[in-house]
Amino acid sequence: MAAIPITYEEAKRLTLEYLRSWMQQLPAAQRTRPVIVFDWRSWSIPEMISQVEMDTDVGRRYVYFYIGSLRRYVITG
Amino acid sequence: MARVLIFRPRFDTATLYGHAWLGEIRRIAEGLGHDVLDLEAENATPENFYDALENFRPEIVIAMGHGSPEVFSGQDRRVVFRACENDQLMSGTQAYFLSCLMGQELAPSMNEKDARTVAGYIAEFTWVIHPDYTDRPLEDPYAYPFYRAVVEPCGRLLAGASWREWYDTQIAMFNRGIREWFESTDPHAPQIVAALEHDRDSLVVYGETMIRPAMRLPPLYASLMPIPLGVTVISAFIP
Numbered sequence: 000m001a002a003i004p005i006t007y008e009e010a011k012r013l014t015l016e017y018l019r020s021w022m023q024q025l026p027a028a029q030r031t032r033p034v035i036v037f038d039w040r041s042w043s044i045p046e047m048i049s050q051v052e053m054d055t056d057v058g059r060r061y062v063y064f065y066i067g068s069l070r071r072y073v074i075t076g
Numbered sequence: 000m001a002r003v004l005i006f007r008p009r010f011d012t013a014t015l016y017g018h019a020w021l022g023e024i025r026r027i028a029e030g031l032g033h034d035v036l037d038l039e040a041e042n043a044t045p046e047n048f049y050d051a052l053e054n055f056r057p058e059i060v061i062a063m064g065h066g067s068p069e070v071f072s073g074q075d076r077r078v079v080f081r082a083c084e085n086d087q088l089m090s091g092t093q094a095y096f097l098s099c100l101m102g103q104e105l106a107p108s109m110n111e112k113d114a115r116t117v118a119g120y121i122a123e124f125t126w127v128i129h130p131d132y133t134d135r136p137l138e139d140p141y142a143y144p145f146y147r148a149v150v151e152p153c154g155r156l157l158a159g160a161s162w163r164e165w166y167d168t169q170i171a172m173f174n175r176g177i178r179e180w181f182e183s184t185d186p187h188a189p190q191i192v193a194a195l196e197h198d199r200d201s202l203v204v205y206g207e208t209m210i211r212p213a214m215r216l217p218p219l220y221a222s223l224m225p226i227p228l229g230v231t232v233i234s235a236f237i238p
C-alpha cells in the first residue's frame, strides 16, 4: 500500500492527538511522570507534548518517529 | 579469551538504564572468563576511554552514552569521540555503541579508519520506562524487551558468535518484544511496539560487510543514510 503524503503540520496534529490520547488513558497521578526515553533523555507525556507544540528539534524528531511508526504516511513538507 | 572494555556513564534516568544493562553484559563477560575493564559512572570519562584503548588494548568495546550523528559522549555528556577528529583511536577494535544516531556518520567514519566492526543505530535509540522502576531498571517491565534486545546478542557475541549472529539475535529480540506487546491492552503498549520497531529498523553494523535492515525508516533518516563505499551491503529483509 502506497504511503499517504501529509504535511508536517498534519503530522504534528496526529502526533499531538496520539500523545493526548495516551495521557488520558493514564491515571491522573501518573501523567506527569517520565515514561519515554527519546534522544537519550527521559520525558513525561506533557513534556513531549510541549516539545512537539514548540517545534523543538526533539519535538520534530518525535513527530517523525511517531508518524514513521504508523507506516501509513510520508511527511512531504 | 578477549580483552573487553565496557563503558557506561551514569548521571540521569536514561544512563541509569544503560548503566544497568551494560552491567549485565559485564557480568556475562566475566562469567565467560574474558579480561574485562569496566569504566562506569564517574570513571566513564574521555581520558579513561583513551587510556584504555592505548594501554588495555581491548578487542571488543561495548559502550553506552549520548550520541549524535557525529559525536559519542560519556559521563556528564563529555565528548569522547567526534567523527574525523579522533575516531581513528578505535582502529583495530570491534565495537557496539548503545547510543543515538551515531550510525549515520561516526560509526562508518570509525570503520573507514580501520575499526574492524562498529555497530550502532542510525536513529535515536528510544524506549519506554515505568516510573516506579527507575531505581531498579532491570526489573522494569516496560524496559525489559529493550534490555533483552541489548544484552542477549552481546552475550552471544562474547560467547563466540559472529557479528552477523549478533545482528540477527538483536533483530529477533526486537521482534519477540513486538509480538509480546502487540496484543497488550496496557496504555503504554503502542509506544513500546513503536519504539521496538524503530530501534530494530535503525540497527546497523559496519565492518567487512555492512548489515542493516531493509529501509523502512521515515524520510528524515533515509536522507541521512550513509552510502557504504567499498563494502558489501547485506540488507536483511524484515517482513
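So the sequences go chain by chain: A and B.
Each residue of the first sequence is one higher than the one before, counting from 0 in numbering that gives the first Met the number 0.
Each residue of the second sequence is one higher than the one before, counting from 0 in numbering that gives the first Met the number 0.
Beta carbons are placed, not taken as given, at the ideal position from N, Cα and C, and that holds for glycine.
My output table needs one value for residue i: the three-state DSSP class, helix, strand or coil.
i, result
"Arg71 (chain A)", "coil"
"Thr168 (chain B)", "helix"
"Leu100 (chain B)", "coil"
"Met22 (chain A)", "helix"
"Thr12 (chain B)", "helix"
"Arg81 (chain B)", "strand"
"Ser183 (chain B)", "coil"
"Tyr7 (chain A)", "helix"
"Met47 (chain A)", "helix"
"Thr14 (chain A)", "helix"
"Tyr141 (chain B)", "coil"
Looking only at its chain, what residues have a beta carbon closer than 7 Å to the beta carbon of residue i, apart from the 5 residues adjacent to it on each side?
i, result
"Asn47 (chain B)", "Leu38"
"Arg2 (chain B)", "Asp34, Phe55, Arg56, Pro57, Glu58"
"Trp21 (chain A)", "Ile44"
"Tyr141 (chain B)", "Val127, Ile128, His129, His187, Ile191"
"Tyr17 (chain A)", "Tyr65"
If distances are taken between C-alpha atoms only, which option among the options comes closest to residue i?
i, options, result
"Thr133 (chain B)", "B:His33, B:Trp20, B:Val78", "B:Trp20"
"Ala122 (chain B)", "A:Trp39, A:Thr55, A:Leu18, A:Thr75", "A:Trp39"
"Val70 (chain B)", "B:Asp86, B:Thr125, B:Ile61", "B:Asp86"
"Gly30 (chain B)", "B:Ala158, B:Gly73, B:Phe173, B:Thr14", "B:Ala158"
"Val78 (chain B)", "B:Ser90, B:Met63, B:Gln169, B:Thr12", "B:Met63"
"Lys112 (chain B)", "B:Asp131, B:Gly91, B:Arg25", "B:Gly91"
"Ile27 (chain B)", "B:Ala13, B:Thr14, B:Ile61, B:Glu53", "B:Ile61"
"Val127 (chain B)", "B:Pro8, B:Leu36, B:Leu52, B:Gly176", "B:Gly176"
"Phe37 (chain A)", "A:Lys11, A:Glu9, A:Tyr7, A:Val62", "A:Val62"
"Ala43 (chain B)", "B:Ser98, B:Asp75, B:Tyr141", "B:Asp75"
"Thr55 (chain A)", "A:Leu25, A:Lys11, A:Thr75", "A:Lys11"
For the alpha helix (DSSP H) holding residue i, just list the boundary residues, first then last.
i, result
"Asp200 (chain B)", "188-201"
"Leu105 (chain B)", "105-111"
"Glu46 (chain B)", "45-50"
If you follow the beta strand (DSSP E) that residue i is part of, which residue opens it and which one closes it?
i, result
"Ser161 (chain B)", "First-last for Ser161 (chain B): undefined, no H or E at that position."
"Phe71 (chain B)", "70-72"
Return the bridge partner residues of residue i from the DSSP annotation.
i, result
"Ala1 (chain A)", "Ala1 (chain A) is not bridged to any residue."
"Val117 (chain B)", "B:Ala94, B:Tyr205"
"Asp243 (chain B)", "Residue 243 (chain B) lies beyond the range of chain B shown here (0 to 238); nothing can be said about it."
"Ile61 (chain B)", "B:Ile5, B:Tyr95"
"Ile27 (chain B)", "The partner list for Ile27 (chain B) (beta bridge, DSSP) is empty, contrary to what the question assumes."
"Trp126 (chain B)", "A:Val36"
"Trp163 (chain A)", "With chain A covering 0 to 76 only, the question about residue 163 (chain A) has no answer from this structure."
"Gly66 (chain B)", "B:Phe71"
By Cβ distance, which residues of its chain are closer than 8 Å to residue i, with the 5 residues on each side in sequence left out?
i, result
"Glu243 (chain B)", "For chain B, the structure presents residues 0 to 238; residue 243 (chain B) sits outside this window and is missing."
"Trp162 (chain B)", "Gln93, Thr116, Ala118, Leu156, Val204, Gly206, Ile210"
Within its chain, find whatever has a CB closer than 6 Å to the CB of residue i; leave out the 5 residues flanking it on each side and keep chain order.
i, result
"Val117 (chain B)", "Ala94, Ala106, Met109, Asn110, Tyr205"
"Ser67 (chain B)", "Leu100"
"Met172 (chain B)", "Arg147, Ala148, Glu151"
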